[in-house]
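Report on the structure given below.
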Amino acid sequence: MPGEQLVRPPPLLHLACTHLASGGNLKPTAGTQAKDRGSEGAPRGGHRAQHPTALEARSPQARRGKAAWRCEHCRERRLLICRELVGAAPSQTLEEIISGARSLECAIVLHRRPAEQTCQRGHGNPGNPDTGYASKVEVSTPSVVEVDLGHTAMLPCSFFILPDSNITYVYWSYIPRSSRTKVYSWVQGKVFVDDSPYVGRVSMDDTFTLAITQTTLQDARVFVCQVGAGSLGVGENRTELRVYKAPEPPEIHANEAGISVGTRESQEIAECVVRNSFPGPNITWLKDGHRLHPEDDKVKIMDTRTQEASGLFTARSRLLAHVPRQDRHAYFQCQAHYLLAGGDRQAQSPKVQVHIFYPTENVSLAIDAPRPQVKEGDHVALRCQGDGNPPPEYSFFRVQNNTATGEEEEQELSGKADKGVLSLGKVHKENTGHYRCKGLDLDTMETLTADAELVVNYIEGLKVTKESPEPVLEGHNLTLTCEARGSRPLAFHWHKDKKGKALGSGQQLQLSNIMREAAGNYICEVTMPGVQGLSRNKQVLVVVYGKPQVSVEKPGVPVQENELVTLTCTALAQPEPSITWSANGTVQNRTENYSVVSNLTVQVTSKLMRSGINCTATNYLGVVTHHVHLERRMTPTTPTTTAPAGNATEQKPQESKGVIIVAVIVCILVLAVLGAVLYFLHKKGKIPCGRTGKQDITKPDARKDEVVVEVKSDKLPEEAGLLQATNGDQKPAGDQGEKYIDLRH
């Protein structure tokens with residue numbers, strides 16, 4: 005049956021039978037654990053093998069009938085065999101003895117039929133296994149041994165015989181059908197491996213435990229341990245070997261075509277497959293973690309189980325049900341239940357969802373925008389959504405009231421509504437209005453509608469005005485007014501320039517006793533509280549009129565005569581001033597940031613050095629003059645040396661450049677050569693020499709033959725100082741008078 009739990013047969017029970025006549029309980033003892041082998045290696049009587057029989061549970065009530073002991077309440081699938089102990093000493097096997105009655109010992113073995121069991125008195129010779137009497141050789145084996153496929157199975161066998169008795173053989177065999185096939189034999193201390201499918205896979209230790217390696221599915225059968233003790237008879241017991249194989253992970257396949265809610269018949273939700281298990285597994289179904297049970301026409305589970313050629317089982321299960329629309333988000337999975345050695349196991353499949361079709365019952369229209377309060381410039385879309393599957397066909401409309409009739413008019417919006425979304429792009433205040441979407445269910449042909457209001461917030465009409473007329477004079481007051489309109493109340497804030505500090509709030513800004521520093525751009529910023537990101541601003545230029553303000557780079561400029569110098573004068577004022585200079589020169593004017601910058605380039609004279617230069621800025625509000633003082637720049641003193649005539653006069657300024665020194669030396673050499681030529685011509689009488697208008701240079705007699713040179717130069721004082729008179733006198737640095745060349749005999 006589907007969902008039937010696997011039943012594991014209970015283990016072997018050892019019972020103590022109750023004699024109703026005496027009312028006593030007979031509890032056989034476990035005996036000793038040691039074993040004593042005789043000269044031939046056989047265990048002696050009076051002792052058990054390594055696995056003694058444990059008698060722990062009380063037997064059900066048994067009463068005596070005609071030549072029989074009947075076992076009541078025997079619910080286990082066991083055969084209860086009873087025997088009377090006539091010749092044995094009961095103290096060796098029984099813990100209690102019934103006074104005045106013959107002793108009774110009970111044992112049970114595996115039985116296949118779940119019928120009511122009986123305990124019969126035997127008739128026949130003791131020790132004959134074919135009679136009703138039990139043998140005096142007791143053999144104990146576990147009723148069931150479990151092992152996983154491919155592992156090693158251990159089948160223990162223990163026995164009990166009378167004291168001073170020996171066993172002659174131990175046979176292990178299996179029962180494929182009705183006959184027995186030997187697997188392993190121990191006879192008088194010798195071991196024999198019988199010809200069977202188990203050759204090479206079986207072994208037995210000194211406790212007669214049979215080991216089967218590399219177990220297969222064919223090993224799942226009943227094995228018999230038989231012990232012979234000569235005249236004492238033969239005893240045996242059976243063990244069922246069970247082999248288990250874990251299945252592969254469960255596979256689940258959901259219905260890809262989908263399920264319709266409106267169908268009356270149950271539809272397949274999913275199929276579960278569990279492969280390669282032994283024994284065959286059971287499959288159960290879960291929905292959202294809760295087990296599903298077959299329920300009339302609501303839930304049906306159809307199971308099949310197939311045994312493959314390998315002997316392994318493959319189980320399949322199909323889940324059929326009526327699925328409501330509430331299950332559109334439900335998860336389904338199957339669960340495999342199987343047996344392994346040592347306990348039950350479970351394995352779950354992945355979770356799957358089933359595509360469920362159901363009609364549309366509700367439609368909603370939402371405004372998709374970056375923020376709850378929409379402002380001009382935001383990207384806005386209309387999202388229409390129905391709760392049906394498949395979704396309905398959508399269309400969008402703008403609803404307006406007809407002022408003439410007072411009725412609503414729908415204007416369908418053009419554009420592609422992709423999956424129920426219609427984009428309006430960047431919205432403006434004109435997009436404010438009433439919108440509607442309609443959803444048409446193609447299965448039921450029913451149309452559902454939903455409405456929404458779109459409000460686009462805006463600020464417009466922003467302007468800033470000045471209350472006082474132009475121009476604004478220094479020391480006067482000024483009022484600035486900011487005006488704007490919006491969809492909601494507005495807030496006004498003032499600041500100067502783009503990064504200037506805040507000046508105040510409100511629509512008006514009062515400026516008192518304005519100075520020229522207050523000139524600049526004043527910005528009115530308008531915001532809408534509650535609407536993030538919506539703001540507008542406008543600026544106004546405030547120009548303050550006043551007389552010029554003049555400044556120069558340096559009040560005192562170090563110069564030297566005859567050099568060119570450039571002076572800079574800046575005049576700040578509105579209206580724009582004009583700049584004049586008190587000295588003639590080259591003038592260049594430019595305008596920067598409401599100021600006029602004038603550059604004068606002039607050659608320095610001694611007169612300018614005494615008087616200085618004035619910069620005058622003029623506009624109709626006033627005249628301002630600034631005086632620039634010219635200061636004489638100090639020149640460092642340069643040491644010189646004098647050489648005889650015909651040699652170059654060398655001068656080594658401390659900070660002069662090498663190139664200048666070379667140029668000066670070359671000039672001196674040229675002058676010396678020229679002097680020598682003139683002297684030679686004079687000696688020949690070809691050049692007369694007069695002194696009219698010239699200054700005589702007197703020389704000592706010892707130096708009459710030397711050349712005297714006078715140079716008239718326009719060079720600057722420091723260059724003229726490089727030339728020396730032959731008498732060693734050096735002209736002053738500031739002397740720029742004429743110098744003459746006089747060649748004397």
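Count along the sequence shown from 1, then add 4; that gives the number in our numbering. Glycine included, C-beta positions come from ideal geometry on N, C-alpha and C.
Review point. G346: buried (16+ other C-beta within 10 angstroms of its C-beta) or exposed?
Key: Translated into the one-based positions of the sequence shown, residue 346 becomes position 342. Under this definition G346 is an exposed residue.
Check your understanding: Cβ atoms of V149 and V231: under 7 angstroms apart, would you say?
Key -> The sequence position of residue 231 within the sequence shown is 227, counting from 1. The sequence position of residue 149 within the sequence shown is 145, counting from 1. Against a cut-off of 7 angstroms, the Cβ pair of V149 and V231 comes out as no contact.
Review point. How close, in whole Å, do the beta carbons of N525 and S491 come, if the pair is a contact with beta carbons under 8 angstroms?
Key: Numbered from 1 along the sequence shown, position 521 holds the residue referred to as residue 525. Numbered from 1 along the sequence shown, position 487 holds the residue referred to as residue 491. N525 to S491, Cβ: 28 angstroms. No contact.
Check your understanding: Between which two residues does the alpha helix (DSSP H) containing R279 stretch?
Key -> For the purposes of this step, residue 279 is identified with residue 275 of the sequence shown, where counting begins at 1. Counting along the chain, R279 falls outside any alpha helix (DSSP H), though it belongs to the beta strand (DSSP E) covering 271 to 281.
Review point. Candidates C486, L538, E457: which alpha carbon is nearest E471's?
Key: Looking up residue 471 in the sequence shown gives position 467. Nearest option by C-alpha distance: C486.
Check your understanding: Can you name, in chain order, every residue of its own chain whose Cβ lies under 8 angstroms from the Cβ of L568, other than the five neighbours on each side?
Key -> Counting from 1 along the sequence shown, the entry for residue 568 is found at position 564. Only T605, V606, Q607, V608 meet the Cβ criterion.
Review point. With distances taken between CB atoms, is the gap from N618 to T572 smaller than 7 angstroms?
Key: Numbered from 1 along the sequence shown, position 614 holds the residue referred to as residue 618. Numbered from 1 along the sequence shown, position 568 holds the residue referred to as residue 572. Against a cut-off of 7 angstroms, the Cβ pair of T572 and N618 comes out as no contact.
Point to revise | Residue environment, H383, which counts as buried when at least 16 other CB atoms sit within 10 Å | key: In the sequence shown, the residue the question calls residue 383 occupies position 379. H383 comes out exposed.
Check your understanding: Which residues in the same chain as A621 place their Cβ atom closer than 6 angstroms to its Cβ, once the five residues preceding and following it in sequence are excluded?
Key -> Mapped onto the sequence shown, residue 621 falls at position 617. So the qualifying residues of the chain are P552, V554, A575, P581, I583, V628.
Practice item. Can you tell me which of the three DSSP states V141 falls into? Key: In the sequence shown, counting from the first residue as 1, residue 141 sits at position 137. V141 falls in the coil class under three-state DSSP.
Check your understanding: If Y439 and R402 are in contact, beta carbons under 8 angstroms, what's the gap, nearest whole angstrom?
Key -> Residue mapping note: residue 439 aligns to position 435 of the sequence shown, counting from 1. Residue mapping note: residue 402 aligns to position 398 of the sequence shown, counting from 1. The pair is a contact, with the Cβ atoms about 6 angstroms apart (cut-off 8 angstroms).
Check your understanding: Grouping DSSP H, G and I as helix and E and B as strand, with all else coil, what is M208?
Key -> The sequence position of residue 208 within the sequence shown is 204, counting from 1. Reduced to three states, the DSSP call for M208 is strand.
Practice item. Go through its chain and collect everything with a Cβ distance to E312's Cβ below 7 angstroms, but skip five positions before and after it. Key: Along the sequence shown, one-based indexing puts residue 312 at 308. So the list reads T318, once near-sequence residues are dropped.
Exercise for review: Pull up the distance between the alpha-carbon of Y178 and that of T185, whole angstroms please.
Suggested key: Along the sequence shown, read from residue 1 onward, the residue named residue 178 stands at position 174. Along the sequence shown, read from residue 1 onward, the residue named residue 185 stands at position 181. Looking at the two C-alpha atoms, the distance is approximately 5 angstroms.
Point to revise | Pick from P394, P396, L369 that is closest to N385, judged by C-alpha positions | key: Counting from one through the sequence shown, the residue named residue 385 turns up at place 381. Asn is not the amino acid found at residue 385; the sequence shown has Ala there. For the residues P394, P396, L369, the minimum Cα distance to A385 belongs to L369.
Check your understanding: If we ignore side chains and look at the alpha-carbon of each, how far apart do G390 and E414 end up?
Key -> Indexing the sequence shown from 1 puts residue 390 at position 386. Indexing the sequence shown from 1 puts residue 414 at position 410. So the alpha carbons of these two residues sit roughly 20 angstroms apart.
Point to revise | Local Cβ density within 10 Å of I273, reported as buried at 16 or more and exposed below that | key: Taking the first residue of the sequence shown as 1, we reach residue 273 at position 269. Result: buried.
Point to revise | At least three beta-carbon pairs within less than 8 angstroms, the region 497 to 510 to the region 447 to 466 | key: no
Exercise for review: Give me whichever residues DSSP pairs with E529 in a beta bridge.
Suggested key: Position 525 of the sequence shown holds residue 529. Paired residues: H497, N541.
Check your understanding: So L458 is in the beta strand (DSSP E); what residue range does that whole segment cover?
Key -> By one-based count along the sequence shown, residue 458 stands at place 454. That run of the beta strand (DSSP E) goes 450 to 458.
Check your understanding: Does the beta-carbon distance from F227 to C161 come in below 7 angstroms?
Key -> On the sequence shown, residue 227 is found 223 positions in, with the first residue counted as 1. On the sequence shown, residue 161 is found 157 positions in, with the first residue counted as 1. Cβ atoms of F227 and C161: not closer than 7 angstroms.
Point to revise | Residue span of the beta strand (DSSP E) that contains K611, given as start and end | key: Within the sequence shown, numbered from 1, the residue matching residue 611 stands at position 607. Where K611 is concerned, there is no enclosing beta strand (DSSP E), although the alpha helix (DSSP H) it sits in stretches over 610 to 615.
Practice item. Could you say if the region 515 to 535 and the region 435 to 452 meet the contact criterion of at least three C-beta pairs nearer than 8 angstroms? Key: no
Check your understanding: What does a CB cutoff of less than 6 angstroms around S207 pick up in its chain, not counting 5 residues either side in sequence?
Key -> Reading the sequence shown from its first residue, position 203 is the one you call residue 207. Excluding sequence neighbours, S207 sits near A215.
Exercise for review: Assign Q2 to one of three DSSP states: helix, strand, or coil.
Suggested key: Within the shown structure, residues of the chain are numbered from 5 to 749, placing residue 2 beyond reach of any answer.
Review point. Between the C-alpha atoms of H631 and N593, what's the straight-line distance to the nearest angstrom?
Key: One-based indexing of the sequence shown puts residue 631 at position 627. One-based indexing of the sequence shown puts residue 593 at position 589. Inter-residue distance for H631 and N593 is about 18 angstroms (C-alpha atoms, whole angstroms).
Review point. How many whole angstroms separate the CB atoms of L221 and F282, which I take to be in contact at a CB cut-off of 8 angstroms?
Key: As a working note, residue 221 is residue 217 in the sequence shown. As a working note, residue 282 is residue 278 in the sequence shown. Confirmed, about 6 angstroms.
Review point. Which one of W176, N588, E244, T217 has the shortest CA to CA distance from V197?
Key: For the purposes of this step, residue 197 is identified with residue 193 of the sequence shown, where counting begins at 1. Residue W176 is the option with its Cα nearest to V197.
Review point. Is DSSP giving D348 helix, strand or coil here?
Key: Here residue 348 is taken as the residue at index 344 of the sequence shown, counted from 1. In this structure, D348 counts as strand in the three-state DSSP scheme.
**Study point:** Simplified DSSP assignment, three categories, for A157
**Key:** Locating residue 157 in the sequence shown gives position 153, where the first residue counts as 1. A157: strand per DSSP, three-state reduction.
**Study point:** Check whether N393 and Y362 have beta carbons under 7 angstroms apart
**Key:** The residue given as residue 393 occupies position 389 in the sequence shown. The residue given as residue 362 occupies position 358 in the sequence shown. For N393 and Y362, yes; Cβs fall inside 7 angstroms.
Exercise for review: Leaving aside the five residues before and after M532 along the sequence, list all residues of the same chain whose C-beta is less than 7 angstroms from its C-beta, in chain order.
Suggested key: On the sequence shown, position 528 is the one that residue 532 refers to. Same-chain partners within the cutoff: N461, I463, G490, R492, L494, L538.
Review point. Quick one: what's got a C-beta closer than 6 angstroms to P396's C-beta in the same chain, skipping five residues either side?
Key: Residue 396 sits at position 392 when you count from the first residue of the sequence shown. These residues qualify, in order along the chain: T364, G390, G443, L444, D445.
Practice item. Run the CB neighbour count on E416, radius 10 Å, all protein chains shown included, and call it buried at 16 or more, exposed below. Key: In the sequence shown, residue 416 corresponds to position 412, counting from 1. So E416 ends up on the exposed side.
**Study point:** Beta carbon of L426 nearer than 7 angstroms to that of G419
**Key:** Here residue 426 refers to the residue found at position 422 when the sequence shown is read from its first residue. Here residue 419 refers to the residue found at position 415 when the sequence shown is read from its first residue. In contact: L426 and G419 (Cβ atoms closer than 7 angstroms).
Review point. Can at least three beta-carbon pairs, one atom from the region 262 to 272 and one from the region 320 to 333, be found at a separation below 8 angstroms?
Key: Taking a contact to require three or more Cβ pairs closer than 8 angstroms, the region 262 to 272 and the region 320 to 333 qualify as touching.
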